[in-house]
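Trainee: Residue numbers (the working numbering): 174 to 406. This is the structure, below, for whatever I ask next.
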Amino acid sequence: MDGTIILRIEHALREKDAIESIMRMAFTYPQTEFSLSEMAQGANVSKSTASRALQQLALAGLVKITDLGVVWRISANRRSPVYIREKIVYNLSLIYRSNLVDFLAALFKSPRALVLFGSFRRGEDVKDSDIDIAVELDSFGETKTAELSKIEGLSQKQVSDIVNVEKVIGRKFVLTVFDRKNVDANLFNGIANGIVLNGFLEAGKEAEREMAEKREGVEKITPFSQSAGREYG
Numbered sequence: 174m175d176g177t178i179i180l181r182i183e184h185a186l187r188e189k190d191a192i193e194s195i196m197r198m199a200f201t202y203p204q205t206e207f208s209l210s211e212m213a214q215g216a217n218v219s220k221s222t223a224s225r226a227l228q229q230l231a232l233a234g235l236v237k238i239t240d241l242g243v244v245w246r247i248s249a250n251r252r253s254p255v256y257i258r259e260k261i262v263y264n265l266s267l268i269y270r271s272n273l274v275d276f277l278a279a280l281f282k283s284p285r286a287l288v289l290f291g292s293f294r295r296g297e298d299v300k301d302s303d304i305d306i307a308v309e310l311d312s313f314g315e316t317k318t319a320e321l322s323k324i325e326g327l328s329q330k331q332v333s334d335i336v337n338v339e340k341v342i343g344r345k346f347v348l349t350v351f352d353r354k355n356v357d358a359n360l361f362n363g364i365a366n367g368i369v370l371n372g373f374l375e376a377g378k379e380a381e382r383e384m385a386e387k388r389e390g391v392e393k394i395t396p397f398s399q400s401a402g403r404e405y406g
């Protein structure tokens, strides 16, 4: 193969890697402004490669570049529909690659549904946001919420694995466990707008009628109790 063609291929691959690395930074730290040097260092590429990649991303509507003459200030284009769409896809890929879905399905013994909802589902999460996962069971009682790493019944290794994944993603997992009879209507509406990761979330006319029959007001959501932990452990 011609040496010039090989160089072009290598060059294209470097730019592709740079684009992916830069977008990971923009998705993980959407509120942060970076300099060109910081972006290049984070992507482990030269400033010239980072510059070309950033200009492509800016044209696509994924990042914003403010040229201050001497330096660039680069940030995620958080209001861009393209950025939001790509961030949702990126967030979902993190969830599935982490093996979280299979882990929760086994932990809760085949729940009716696992649903990603909240800011992480909408692609609006920032550095301090949580990853909200709803777990629907056939019978549970009062709706409860807690950080995944702190629920009862987990082994030390499971807790360690969860914490390690959270560090890689840069977000904590928070579970909301409920059954249809006891869930607050407003909370369920938020869950129903989520993405079903596993199982089936019924949100048809029958479910809407059940929600309409509930009293108004937001029920208190309490941490997992020791007895609740034994139910799914």
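The C-beta atom is built at its ideal place from N, Cα and C for all residues, glycine as well.
Who are Thr318's beta bridge partners in DSSP?
Mentor: Its beta-bridge partners are Thr349.
Trainee: Can you have a look at Asp298 and say buried or exposed, based on whether 16 or more other CB atoms are within 10 angstroms of its CB?
Mentor: By the 10 Å Cβ count, Asp298 comes out buried.
Trainee: If contact is defined by three or more beta carbon pairs under 8 Å, each pair taking one atom from either stretch, is the region 261-275 in contact with the region 337-356?
Mentor: Counting Cβ pairs under 8 Å, three or more are found: they touch.
Trainee: Spatial neighbours of Lys220 within its chain, please: CB distance less than 7 Å, with the 5 preceding and 5 following residues excluded, ordered by chain position.
Mentor: Here the set comprises Leu209, Ser210 and Ala213.
Trainee: Taking DSSP as the reference, what is the three-state secondary structure of Met384?
Mentor: Any reading at Met384 is ruled out, since the residue's pLDDT is 49, under 50, leaving its predicted position unreliable.
Trainee: Taking three-plus beta-carbon pairs below 8 Å as touching, is the region 365-375 in contact with the region 323-336?
Mentor: In short, these stretches do not touch, since the Cβ pair count stays below three.
Trainee: Please report the straight-line C-alpha distance between Thr201 and Lys300, rounded to a whole angstrom.
Mentor: Their Cα atoms are separated by approximately 7 Å.
Trainee: Sorted by chain position, which residues of the same chain lie with C-beta nearer than 7 Å to Pro203's C-beta, five sequence neighbours on each side aside?
Mentor: Answer for Pro203: Ala249, Arg251 and Val299, listed in chain order.
Trainee: Nearest-angstrom Cα distance between Leu287 and Val243?
Mentor: If you take the alpha carbons of Leu287 and Val243, they lie about 49 Å apart.
Trainee: Contact check, Gly314 vs Asn355 under 8 Å by CB: the rounded distance?
Mentor: Their Cβ separation, rounded to whole angstroms, is 6 Å, which keeps Gly314 and Asn355 in contact under 8 Å.
Trainee: Among residues of its own chain, excluding the 5 on either side of Thr239, which ones have a beta-carbon nearer than 6 Å to its beta-carbon?
Mentor: Cβ within range, chain order: Arg246.
Trainee: Kindly indicate which three-state DSSP category Arg252 falls into: helix, strand or coil?
Mentor: The answer is coil: DSSP assigns Arg252 none of H, G, I, E or B.
Trainee: Measure the C-alpha to C-alpha separation of Leu235 and Ser312 and round it to an integer number of angstroms.
Mentor: Rounded to whole angstroms, Leu235 to Ser312 spans 43 Å at the Cα level.
Trainee: Assign Pro254 to one of two classes, buried (16 or more other C-beta atoms within 10 Å of its C-beta) or exposed (fewer than that).
Mentor: By the neighbour-count rule (16 or more Cβ atoms within 10 Å), Pro254 is not buried but exposed.
Trainee: Buried or exposed for Glu309, going by 16 or more other Cβ atoms inside 10 Å?
Mentor: When all chains shown are included, Glu309 counts as buried.
Trainee: In angstroms with no decimal places, state the Cα-to-Cα distance between Phe293 and Ile368.
Mentor: Cα-Cα distance, rounded: 10 Å.
Trainee: Skipping 5 residues on each side, what residues in its chain have a beta carbon closer than 8 Å to that of Ile268?
Mentor: Excluding sequence neighbours, Ile268 sits near Val274, Leu289, Ile304 and Leu370.
Trainee: For Ile306, which residues does DSSP report across the bridge?
Mentor: Its beta-bridge partners are Leu289 and Leu348.
Trainee: How many angstroms separate the CA atom of Lys378 from the CA atom of Phe207?
Mentor: With a pLDDT of only 47 at Lys378, under 50, the local geometry of the prediction cannot be trusted, and the value read off the model is given with reservation. C-alpha separation (whole angstroms): 48 Å.
Trainee: Please indicate yes or no: does the CB of Val308 lie closer than 8 Å to some heavy atom of the ligand FMN?
Mentor: The ligand FMN is not among the ligands present in this structure, which contains no ligands whatsoever.
Trainee: Where Ser322 and Gly215 are concerned, what is the direct C-alpha to C-alpha distance, given to the nearest angstrom?
Mentor: One C-alpha to the other measures close to 29 Å.
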